[in-house]
Every structure is written in C-alpha cells, then in structure tokens.
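>
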Amino acid sequence: MRKHLIPCIVLAVVSLSSANAQRYYELGLGAGLTFYNGDLNPSRFFPGGHTHPGVGILYRYNWNPRWSVRYAFSYGHVSAQDSDADGYFQQNRNLSFESDVFEGYAAIDFNFFSFKPYKAVSLFQSTDTFTPFVFGGIGIFNFNPKAELNGNLYDLRPLKTEEVDYSRTSLFLVYGLGLKLRLTDRFILGIEGGLRRSFTDYLDDVSGSYPLNPEGMTQLAQNLSDRSIEPQGPDGTNWGTQRGNSQTRDVYSFYALYLTYNLTRNPNRCHFNPLK
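See below:
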C-alpha cells in the first residue's frame, strides 16, 4: 500500500501548483433552433413558422480554466417569406425561400469565471462549477436555396434568378455567448447562442436587381425571379429594378443546448485500489 501512497501524495502536491495548467478534452452533442436574417427577414429573431430544429457535434480542447478551442459541425434549416413582413415593398415582392445548412467552424472560448471540470479535492483549489462564456471564430457552410411554386419545390441557384452564378459554399464569422455547468467529473451541460455572419448575400437567393433582360431565361426562372403582386418599373415590369439589398450579407443563428463528455481522467483523484 505504501508504494501507492507516495505517488498519490506527490500528485496532490503537484496538482496544487499546476492547477492552472490542467488541460482536458470534451466531446458532445447539441440540439437547438436555427433561424435566418437577411433580405426576406431583416430583423426578427425566432420568427414564427421559420425557426427550425438544428443539431450539432462539438469537440473542445481546454488548455486552462479560462481559455479553450472548439471545433463544431452542425446542421440546420432556414427559411423566410415576404408575406410575413410589415412593409409594402416586401409584401409586394412576394418572394420566399428555404435551405438546409451544413457547417463546420473553429472558435476560441473565453470563460468569465475560472472553470474546472473536476470536483475540488483541496480547500486551496477552486470550486467553480459554472461560468458564462463568449466565443468567436471562423467557419464554412454549404447551402442550397429553394422556393415553392404551384406545389413544387425548385432549386433556385441553377435558375439564376438575378443572372448571377453564385457559389453554394461560403465562409462565415461566428460569435456568441453562453453558460456552462459541470454536472459531474465527466459531464458538462452548456447552453449557448451563436450568430453566423456569412460572406454571401445569396443564402436566400436575393441580393441585387431583377435581370435587365429576361429573354434568355426560362419561363420557370422568370416566374421564380419575379413573383411580385404589382410590377413597380416605369415600363410596367420589374426587370432591371431593385430586388434586394446588395450592401448587406446574410446571417443565420444557432441557439443550442449541449451535453459534452470529459475525455480526460481527473488528475486530482488517486486511481488505485488500497486492497491490492
């Protein structure tokens, strides 16, 4: 038994001096809600009928009680329609869209309180079990805007509704805040909200102007490009007039509850059987 006691005593002493250097890894799953802000929904958060379920996987490397790096992969769905808007321009424009969103990103987390995943074994150690935190980083996502017409759902990008051949993949900046709570030495519960500010204005397939000359477009493309109730152009059509706001980029958000599992053994606990 003595050969086990000595290493444990040494471990207890060392843990006091190196508590801030303890590093651990987390892996977990999350579920929550996604929604979009852009040309078809400029400002409403959690819009009724257009807030959808989302899921994610999170891996986090914590290199001290304040700072960590996360890698996340998520799936969500976004949608909006002009008919829900209050303003005349949007209601008359009468556009709509929906899209699946697949994303991956890397971010840095900062804990406002010192946070350790393990129960304290000494009065000299922190007993912090929860903390608010903020995070920020960069990621990439894939999208595919679609719209319904006469009961059928059509991919919008191939139709070039604004005569623009945009990419279905874009970078984004992500930032947000949350709270996390240590449930046990192994499980950590977190709730967070994060905004994705994309580098594209075509998540909703709406950005600039109606095509100036629609003659080269198929009838389906014309019908999905201009769905307005009353044309606003001086020639009695909308061709060549404003369709969206190209000065802004599209945004979507993911609010989620995560349960992560601590993959690292508690360094403060002596792992031996005294009966052996």
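Numbering (the working numbering), first residue to last: 4 to 279. Using N, Cα and C, we set each Cβ at its ideal position, and we do this for glycine too. None of these values were measured; they are calculated from a predicted model.
1) Go through its chain and collect everything with a Cβ distance to T294's Cβ below 8 Å, but skip five positions before and after it.
2) If you count every other CB in all the chains shown that lies within 10 Å of the CB of Y264, and 16 or more means buried, which is it?
3) Would you call the CB atoms of A110 and R73 closer than 8 Å?
4) From the DSSP output, in three-state form, read off D85 for me.
5) Looking only at its chain, what residues have a beta carbon closer than 6 Å to the beta carbon of F100, apart from the 5 residues adjacent to it on each side?
6) Within this structure, are the beta carbons of D229 and Y213 separated by less than 8 Å?
7) Can you find the residues in the same chain that come closer than 8 Å, C-beta to C-beta, to F138, ignoring five residues on each side of it along the sequence?
8) Whole angstroms is fine: what's the gap from L32's alpha carbon to D238's?
9) Considering Cα atoms alone, identify which of I232, R26, L162 is closest to F92.
10) Since D204 contacts T240 with CB under 8 Å, what's their CB separation in whole angstroms?
11) If you follow the beta strand (DSSP E) that Y108 is in, where does it begin and where does it stop?
On the basis of the coordinates in this document:
1) Residue 294 is absent from the model: the chain starts at 4 and stops at 279.
2) Start at 1 with the first residue of the sequence shown, and residue 264 comes out as number 261. Y264 should be labelled exposed.
3) The residue labelled residue 110 in the question sits at position 107 within the sequence shown. The residue labelled residue 73 in the question sits at position 70 within the sequence shown. With respect to R73, A110 sits close: the two C-beta atoms are nearer than 8 Å.
4) Here residue 85 refers to the residue found at position 82 of the sequence shown. When secondary structure is reduced to three states using DSSP, D85 falls in the helix class.
5) Here residue 100 refers to the residue found at position 97 when the sequence shown is read from its first residue. So the list reads P148, A150, D207, D208, once near-sequence residues are dropped.
6) By one-based count along the sequence shown, residue 229 stands at place 226. By one-based count along the sequence shown, residue 213 stands at place 210. Contact: yes.
7) Counting from one through the sequence shown, the residue named residue 138 turns up at place 135. The residues R73, A110, I111, D112, F113, V177, Y178, G179, L180, G181, E195, G197, in chain order, have a CB closer than 8 Å to that of F138 in the same chain once the five nearest residues on each side in sequence are set aside.
8) Taking the first residue of the sequence shown as position 1, residue 32 is located at position 29. Taking the first residue of the sequence shown as position 1, residue 238 is located at position 235. Using only the alpha carbons, I get a separation of about 55 Å.
9) Reading the sequence shown from its first residue, position 89 is the one you call residue 92. It is I232 whose Cα lies nearest to the Cα of F92.
10) Here residue 204 refers to the residue found at position 201 of the sequence shown. Here residue 240 refers to the residue found at position 237 of the sequence shown. Actually they are not in contact, since the Cβ atoms of D204 and T240 sit about 23 Å apart, beyond 8 Å.
11) Counting from 1 along the sequence shown, the entry for residue 108 is found at position 105. Boundaries of the beta strand (DSSP E) harbouring Y108: 99-114, taken from the DSSP string.
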